[in-house]
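Using this note's numbering, read the sequence shown as starting at -11 and increasing by one per residue. Yeah, the Cβ is synthetic: ideal placement off N, Cα and C, and Gly gets one too. None of these values were measured; they are calculated from a predicted model.
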Amino acid sequence: MIVTSTNTIEGREVLRYFDPISATAVIGANALSEIGASFVDFFGGRSRNYENKLQELYKSVVESLKQNARSYRADAVIGFSVNIDELSGKGTQMFMITAIGTPVLLNEIKHIQAEAVGGDIDGSVIKNKVKASLIIERYTGIYSMDNATAEFIATSRLTEFVPLLFKAMNETGEDQVFKDRQATLFRYFDFLDKDQAIAILYGQLLSEDLTGAQFKIINKAISSSSLIDYDQVVKLLSGSLLAKKAALKVLTLDKDWYSAQDIVYLQTWKGEGLVQLFPEVVTVKESKGMFSSSKEVWECLCGYSNDLDATACSSCTKDKRGFGTEELKPEAVQKLINRRLVVIEGV
């Protein structure tokens, strides 16, 4: 979902304005690491712990604001602003962060025609494509670009940038400059037509070169912009283990509406239908000891051999289906699907 401080969104027309919404979070000073630091320290950049805590708080209220906007079935939030206030009294000190904005319903993206019309070609399109080619040619990493370039990429809607964005997903950085610039870049998918964004993101989830870092960011983008497509989920469930795990995350999301085909899909997964799509992925083999008789073991995807009766790998801790202890399991999603179907069939 697009969240912007401006009152307009390039290439989109606002069809309806909803009432302004807000989201608030409060944290006590005793929850922060440096109780002795002042609020001025945060803005002066001298308190890293304060900065990190308040950044977490900021992200939390922005996500809450998006959730509120989705309840209106809005496409974006405009006029976005954030206030951070210090509250103190009776020997206590707290910080309150408030995000406000106006949810809006947008029309479809106005695609600019690049092809010749009556012998003329749109000069602005050519200009942007030339600029894009230079950015791609010179790109060496997120740190190599400035904020203006990141913003240009995000709002460009040029498909030339897709490989660069997937490359950027694999980059790491701990400072706030990196995080903010990376977040700006990945707003790119908010500005795309919904069907185009779905095709690109789900396509990468099905790619053989999908990385763990891309998996996390793509799932976040799908969730943030409600890019839920059960046709694509079916494909994911027929793909790699990582693709199947992505399907599980998508199936936890609530759709704005369910088509007749969506319900058919849900019915195919009901009961234990979804769980059955996640068999064991380990290999059982015979291990021969130098001074002892051979025995059967199971080999994990990581390559480590475990006793046959072990439920999880002793090396990577994943179970026989390839799931870690903290990962979303098929059984949890199965319960959600079954409950969702009961409600749908009762409507």
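Residue i burial status per 10 Å Cβ neighbour count (16 or more: buried)
i: residue 314; result: exposed
i: residue 21; result: The predicted position of residue 21 is uncertain, since its pLDDT is 45 and thus under 50; a value taken from the coordinates is nonetheless stated next. Residue 21 comes out exposed.
i: residue 9; result: buried
i: residue 33; result: Because residue 33 sits at a pLDDT of 47, beneath the cut-off of 50, its placement in the model cannot be relied upon, and the point is left open.
i: residue 172; result: buried
i: residue 115; result: exposed
i: residue 306; result: buried
i: residue 297; result: exposed
Neighbour flag for residue i against chain B, beta carbons, 8 Å
i: residue 258; result: The question asks about chain B, but that chain is absent: this structure has only one protein chain.
Residues that DSSP places opposite residue i in a beta bridge
i: residue 13; result: 85
i: residue 92; result: 5, 64
i: residue 72; result: 85
i: residue 332; result: DSSP, once it has assigned bridges, lists no residue as partnering residue 332.
Segment limits, alpha helix (DSSP H) that includes residue i
i: residue 135; result: 135 to 144
i: residue 117; result: 111 to 126
i: residue 190; result: 182 to 193
Distance between residue j and residue i (C-alpha atoms, nearest Å)
i: residue 285; j: residue 267; result: 18 Å
i: residue 160; j: residue 183; result: 29 Å
i: residue -2; j: residue 179; result: 9 Å
i: residue 149; j: residue 124; result: 7 Å
i: residue 0; j: residue 94; result: 6 Å
i: residue 4; j: residue 146; result: 27 Å
i: residue 85; j: residue 260; result: 44 Å
i: residue 132; j: residue 118; result: 19 Å
i: residue 134; j: residue 188; result: 25 Å
i: residue 308; j: residue 56; result: 39 Å
i: residue 71; j: residue 288; result: 50 Å
i: residue 152; j: residue -10; result: 21 Å
i: residue 222; j: residue 237; result: 13 Å
i: residue 50; j: residue 328; result: 28 Å
i: residue 112; j: residue 233; result: 42 Å
i: residue 214; j: residue 68; result: 20 Å
Simplified DSSP state of residue i, which is helix, strand or coil
i: residue 217; result: coil
i: residue 272; result: strand
i: residue 151; result: helix
i: residue -5; result: coil
i: residue 305; result: coil
i: residue 52; result: helix
i: residue 283; result: strand
i: residue 265; result: helix
i: residue 201; result: helix
i: residue 231; result: helix
Beta strand (DSSP E) segment containing residue i, residue limits
i: residue 294; result: 293 to 295
i: residue 243; result: It is not in any beta strand (DSSP E) - residue 243 carries neither H nor E in the DSSP assignment.
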